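A.B. asks: Structure in structure tokens, see below.
There are 2 protein chains.
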Amino acid sequence: MATSTVLAIDLGGTKICAAIVDASGKLLARKTAPVDKRAKLAPVKQMLALADELASYVGKANRYCAVGVAIPGLVRRDGTVWAPNIPGWDKIPLARLLEKELRVPVVVESDRAAAVLGEVFAPKGAARGKSDVVALIVGTGIGAGILTENRLLRGAHELSGCAGWMAVTLDDSPEVRQLGCLEAYTAGPGIARTGKAEIKSGCGGGMANIGADKLSSHDIAELARKGDKAAIEVYRRTGTLLGLAVANLISLFDPEVVVFGGGLSGAADCFWSELKQTALERCQPISAKKVKVVLSKLGNDANLLGAAKMAWEAAQQTKPAARARSKKQVKARAAGA
Amino acid sequence: MATSTVLAIDLGGTKICAAIVDASGKLLARKTAPVDKRAKLAPVKQMLALADELASYVGKANRYCAVGVAIPGLVRRDGTVWAPNIPGWDKIPLARLLEKELRVPVVVESDRAAAVLGEVFAPKGAARGKSDVVALIVGTGIGAGILTENRLLRGAHELSGCAGWMAVTLDDSPEVRQLGCLEAYTAGPGIARTGKAEIKSGCGGGMANIGADKLSSHDIAELARKGDKAAIEVYRRTGTLLGLAVANLISLFDPEVVVFGGGLSGAADCFWSELKQTALERCQPISAKKVKVVLSKLGNDANLLGAAKMAWEAAQQTKPAARARSKKQVKARAAGA
Chain A
1 MATSTVLAID LGGTKICAAI VDASGKLLAR KTAPVDKRAK LAPVKQMLAL
51 ADELASYVGK ANRYCAVGVA IPGLVRRDGT VWAPNIPGWD KIPLARLLEK
101 ELRVPVVVES DRAAAVLGEV FAPKGAARGK SDVVALIVGT GIGAGILTEN
151 RLLRGAHELS GCAGWMAVTL DDSPEVRQLG CLEAYTAGPG IARTGKAEIK
201 SGCGGGMANI GADKLSSHDI AELARKGDKA AIEVYRRTGT LLGLAVANLI
251 SLFDPEVVVF GGGLSGAADC FWSELKQTAL ERCQPISAKK VKVVLSKLGN
301 DANLLGAAKM AWEAAQQTKP AARARSKKQV KARAAGA
Chain B
338 MATSTVLAID LGGTKICAAI VDASGKLLAR KTAPVDKRAK LAPVKQMLAL
388 ADELASYVGK ANRYCAVGVA IPGLVRRDGT VWAPNIPGWD KIPLARLLEK
438 ELRVPVVVES DRAAAVLGEV FAPKGAARGK SDVVALIVGT GIGAGILTEN
488 RLLRGAHELS GCAGWMAVTL DDSPEVRQLG CLEAYTAGPG IARTGKAEIK
538 SGCGGGMANI GADKLSSHDI AELARKGDKA AIEVYRRTGT LLGLAVANLI
588 SLFDPEVVVF GGGLSGAADC FWSELKQTAL ERCQPISAKK VKVVLSKLGN
638 DANLLGAAKM AWEAAQQTKP AARARSKKQV KARAAGA
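Read top to bottom, the protein sequences are chains A and B.
So the first sequence is numbered by our numbering: it starts at 1 and just counts up by one.
So the second sequence is numbered by our numbering: it starts at 338 and just counts up by one.
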């Protein structure tokens with residue numbers, strides 16, 4: 001039996017992942033590859049090749065009716081994409097380029113937006129079916145996807161949710177000014193930086209044995225799990241700062257759910273109880289009783305499933321008349337008109 | 338010539354103000370009075386009396402076609418109002434009570450929401466015609482009205498914009514836990530508290546002469562204007578903390594304009610340059626180049642003009658058919674049905 005499906009693409013700074021997803025959020029086929037950065041439009045060609053390959057896996061009967069793409073940057077209101085980690089991507093009309101070739105509606109959103117939509121749409125999403133959600137994503141960088149009354153909060157210049165810039169301490173330093181306060185201390189590289197500072201001050205514990213040059217946030221998490229007091233303290237402070245940030249998100253957005261995701265959630269055992277306690281003790285107290293603060297269970301699939309959700313919305317919004325016109329235009333273009 | 342008008346009411350914790358406002362935001366008649374707190378429904382009766390009185394001033398030809406009310410609390414989705422500073426106001430169906438008597442559409446919103454709408458609607462509004470605006474209101478308490486893509490951000494439980502709870506330092510204290518970090522330090526009573534702490538530590542300067550018992554944020558502002566170093570330092574720190582809060586609002590909401598209003602704006606000369614510099618240096622840098630951070634020029638009229646804006650929207654949204662039905666119902670009720 002034919003299944004109605006969409007194509008979801010998650011473009012990251014280093015990896016690209018694409019999948020055919022059905023209406024229930026089930027992945028029928030998926031493929032991950034390193035991003036092809038040999039030419040400016042190489043990632044677009046890669047997306048088209050992935051679309052063909054995945055379509056051939058699931059067969060014509062399960063062909064996708066729309067495409068959603070999550071990108072590591074921002075989508076301007078004119079549809080062009082800026083993605084600082086992809087060479088030459090300062091003004092790529094991505095949706096238009098893909099639509100021209102794939103002949104179905106294509107929607108492109110930031111990875112922050114995709115992450116929050118994934119949590120709302122996916123069967124295992126931590127905010128499934130909710131309308132007011134903040135997804136705080138912490139990895140190499142920090143960002144927040146924000147849904148209010150079922151709508152993505154975009155901001156005046158598509159720059160909302162830059163949560164890594166949240167000031168939660170009075171500290172001032174070159175890193176704080178370059179990356180933002182929260183990101184400078186609690187993104188992966190920031191945690192490593194804190195560990196290195198502890199080594200320098202002679203309080204590095206087991207971290208000193210690894211050495212400041214090599215030390216990563218993963219190393220510190222490993223040491224903390226083995227009971228190293230200095231490493232435990234680095235993650236306790238990380239939990240406090242992230243907890244204050246989550247408190248601020250609750251007090252300002254009054255969401256039903258705050259979902260914590262991204263690479264750092266792999267070390268949640270080292271900071272989660274401190275984060276959650278701080279968040280709920282320090283936010284607006286009525287909101288504290290109503291909100292849920294939870295860890296994402298989607299791992300790397302959040303963006304992909306969010307992209308699928310966007311594609312489903314695009315498919316629904318495209319009315320038959322508009323689709324017919326667009327097909328006619330495509331045919332006319334193909335005929336050289 | 339008859340003018341189309343609305344009735345705007347700003348209910349505060351101590352004062353109530355009502356005005357007849359025309360479509361251009363001009364106040365045709367206004368009256369301010371102390372809030373009548375002798376009985377639970379006394380403020381409602383007071384609103385009805387003010388409505389009659391103001392209507393008689395402007396004449397039948399300029400009769401209001403809708404009513405907007407700003408309240409110092411929250412409006413639940415079922416339409417009931419909670420206003421902690423008005424005795425017994427934990428579940429007042431304010432819009433319904435007023436509609437029943439006034440026989441025109443009535444809309445009720447929080448004062449935070451009214452403040453941001455006032456800045457967008459009023460001829461002298463600092464965000465006139467803008468769609469993405471944050472109004473940070475600092476007086477005895479702190480709150481933020483937030484407009485995104487021309488829509489009020491409400492939150493899941495009508496508790497968005499509780500900006501006084503923003504954590505911008507690592508400090509922890511009974512006041513911080515009771516009022517929220519930002520409010521504990523930078524609302525009027527918080528500034529006085531900082532001054533009192535300086536007196537206690539022997540660094541109070543001219544503040545010591547006033548004495549800790551009497552010291553207010555106004556006194557400290559007066560001393561700062563006269564060059565008292567300790568008082569200047571209290572307001573410099575206030576400016577830094579408020580600047581970090583504004584930076585966070587910019588990084589999270591990406592607005593076109595942040596408007597600073599409320600009672601504390603009367604002392605803006607003591608902290609504005611510090612606030613603005615901190616805000617723009619510490620927020621997301623692309624947003625910093627695009628956002629405007631400005632002082633409100635509306636003073637006490639922001640809420641009133643925002644209430645007028647809501648009333649205009651209610652008047653437009655009420656279709657002729659719906660109005661006719663409602664009038665019929667009112668007549669039936671009046672006839673004892």
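For each residue, glycine too, the CB sits at the ideal point set by N, CA and C.
These figures come from a predicted structure and were not determined experimentally.
Listing by chain order, which chain A residues have their CB less than 9 Å from the CB of B/ARG491?
C.D. replies: Those within 9 Å of B/ARG491 in chain A are ASP132, THR148, GLU149, ASP254.
A.B. asks: Looking at the strands, I want to know which residues DSSP matches up with B/THR681.
C.D. replies: The requested residue 681 of chain B does not occur in the structure, where chain B is confined to residues 338 to 674.
A.B. asks: State yes or no: is the C-beta of B/ALA493 within less than 8 Å of the C-beta of A/ASP132?
C.D. replies: The answer is yes: Cβ separation under 8 Å.
A.B. asks: Between which two residues does the alpha helix (DSSP H) carrying A/GLU99 extend?
C.D. replies: Unbroken alpha helix (DSSP H) run through A/GLU99: 94 to 102.
A.B. asks: At what residue ranges does the region 381 to 460 of chain B contain a whole run of the alpha helix (DSSP H), taking only runs of 4 or more?
C.D. replies: The qualifying runs are 431 to 439, 448 to 458.
A.B. asks: So is B/GLY478 buried or exposed if we call it buried at 16+ other beta carbons inside 10 Å?
C.D. replies: Buried is the call here.
A.B. asks: By a C-beta neighbour count over all protein chains shown, 10 Å radius and 16 as the cutoff for buried, is A/PRO123 buried or exposed?
C.D. replies: Exposed.
A.B. asks: Under the three-state reduction of DSSP, which class applies to A/LYS289: helix, strand or coil?
C.D. replies: It is helical.
A.B. asks: So if DSSP puts B/LYS566 in a beta bridge, which residue, or which two residues, is it bridged to?
C.D. replies: In the DSSP output, where bridge partners are listed per residue, B/LYS566 has none listed.
A.B. asks: In three-state DSSP terms, what is A/THR179?
C.D. replies: The sequence shown places Leu at residue 179 of chain A, not Thr. Here A/LEU179 sits in helix by DSSP.
A.B. asks: The region 584 to 617 of chain B: which residues have C-beta closer than 7 Å to a C-beta of chain A, in chain order?
C.D. replies: Going along the region 584 to 617 of chain B in chain order, one finds ALA584, ASN585, SER588, LEU589, PHE590, ASP591, PRO592, GLU593 with a Cβ nearer than 7 Å to chain A.
A.B. asks: Could you name the residues of chain B that A/ALA163 contacts, counting a contact when the two beta carbons are closer than 8 Å?
C.D. replies: Within chain B, the residues near A/ALA163 are SER588, LEU589.
A.B. asks: Compare the C-beta of A/THR350 against all C-beta atoms of chain B and say whether one is closer than 8 Å.
C.D. replies: As shown, chain A starts at 1 and ends at 337. That puts residue 350 of chain A outside it, with no answer to give.
A.B. asks: Can you name the residues that DSSP bridges to A/CYS17?
C.D. replies: Per DSSP, A/ASP10, A/THR32.
A.B. asks: Please identify the residue among A/PRO93, A/ALA187, A/GLN317, A/GLY306 whose C-alpha is closest to the C-alpha of A/ALA70.
C.D. replies: Looking at the Cα atoms, A/GLY306 is the closest of the given residues.
A.B. asks: Does B/VAL583 come out as helix, strand or coil in the three-state DSSP assignment?
C.D. replies: Correct three-state label for B/VAL583: helix.
A.B. asks: On a Cα-Cα basis, can you pick out the residue from A/GLU183, A/ALA42, A/ASP111 that is closest to A/ALA33?
C.D. replies: Among A/GLU183, A/ALA42, A/ASP111, the Cα nearest to that of A/ALA33 belongs to A/ALA42.
A.B. asks: So what's B/THR477 in DSSP terms, helix, strand or just coil?
C.D. replies: Three-state result, B/THR477: coil.
A.B. asks: Using a Cβ-Cβ cut-off of 6 Å (strictly less than) and excluding sequence neighbours within five positions of A/SER217, which residues of its own chain qualify?
C.D. replies: These residues qualify, in order along the chain: GLY188, ILE191, ALA192.
A.B. asks: Relative to the alpha-carbon of B/ALA356, which residue among B/GLY405, B/LYS374, B/VAL445 has its alpha-carbon at the smallest distance?
C.D. replies: For the residues B/GLY405, B/LYS374, B/VAL445, the minimum Cα distance to B/ALA356 belongs to B/GLY405.
A.B. asks: According to the neighbour-count rule (16 or more other Cβ atoms, all chains shown, within 10 Å of its Cβ), is B/ALA376 buried or exposed?
C.D. replies: Classification of B/ALA376: exposed, given that the 10 Å Cβ count is below 16.
A.B. asks: Grouping DSSP H, G and I as helix and E and B as strand, with all else coil, what is B/ALA671?
C.D. replies: Residue placement at B/ALA671 cannot be trusted, given a pLDDT of 46 that sits under 50; what the coordinates show is reported in the next sentence. Reduced to three states, the DSSP call for B/ALA671 is helix.
A.B. asks: Which residue marks the beginning of the beta strand (DSSP E) containing A/GLY261, and which one marks its end?
C.D. replies: It spans 257 to 261 - the beta strand (DSSP E) in which A/GLY261 sits, taken as one unbroken run.
A.B. asks: Under the DSSP definition of a beta bridge, which residues are partnered with B/ALA359?
C.D. replies: The displayed chain sequence assigns Asp, not Ala, to residue 359 of chain B. Paired residue(s): B/THR342.
A.B. asks: I think B/LEU431 touches B/VAL358, with their Cβ atoms under 8 Å apart; what is that distance to the nearest whole Å?
C.D. replies: That belief does not hold up - the Cβ atoms of B/LEU431 and B/VAL358 are roughly 19 Å apart, past 8 Å.
A.B. asks: Report the option in A/ARG63, A/ALA8, A/ALA315, A/ILE286 whose CA atom is closest to the CA atom of B/LEU516.
C.D. replies: Selected option, being the one with the closest Cα: A/ILE286.
A.B. asks: Under a Cβ-count criterion, where at least 16 other Cβ atoms within 10 Å of its own Cβ denotes burial, should A/LEU249 be classed as buried or exposed?
C.D. replies: Looking at its Cβ environment, which holds 16 or more other Cβ atoms inside 10 Å, A/LEU249 is buried.
A.B. asks: Please state the DSSP three-state secondary structure of A/LEU27.
C.D. replies: The answer is strand: DSSP assigns A/LEU27 an E or B state.
A.B. asks: How is the alpha helix (DSSP H) around B/SER610 delimited, first residue to last?
C.D. replies: Run containing B/SER610: 609 to 619, per the alpha helix (DSSP H) assignment.
A.B. asks: What span of residues does the alpha helix (DSSP H) with A/ASP301 cover, start to end?
C.D. replies: 301 to 317 is the extent of the alpha helix (DSSP H) around A/ASP301.
A.B. asks: Identify the residues that DSSP records as bridge partners of A/VAL133: which are they?
C.D. replies: Per DSSP, A/LEU147, A/VAL257.
A.B. asks: Using a Cβ-Cβ cut-off of less than 9 Å, list which residues of the region 279 to 295 of chain A approach chain B; keep chain order.
C.D. replies: Those would be GLU281, ARG282, CYS283, GLN284, PRO285, ILE286, SER287, LYS290, VAL291, in chain order.
A.B. asks: Looking only at C-alpha atoms, which of B/GLY542, B/ASN640, B/ALA545 sits nearest to B/ASP347?
C.D. replies: Per the Cα distances, B/ASN640.
A.B. asks: Name, please, each residue of chain B whose Cβ falls closer than 7 Å to the Cβ of A/ALA167.
C.D. replies: Here the neighbours are VAL505, LEU581, ALA584, ASN585, ARG619.
A.B. asks: Does the beta carbon of A/ARG325 come closer than 8 Å to any beta carbon on chain B?
C.D. replies: Residue placement at A/ARG325 is flagged as unreliable, the pLDDT there being 45, under the threshold of 50; a coordinate-derived value is accordingly withheld.
A.B. asks: For A/GLU175 versus A/ARG236, is the C-beta spacing smaller than 8 Å?
C.D. replies: In this structure, A/ARG236 does not lie closer than 8 Å to A/GLU175 by Cβ.
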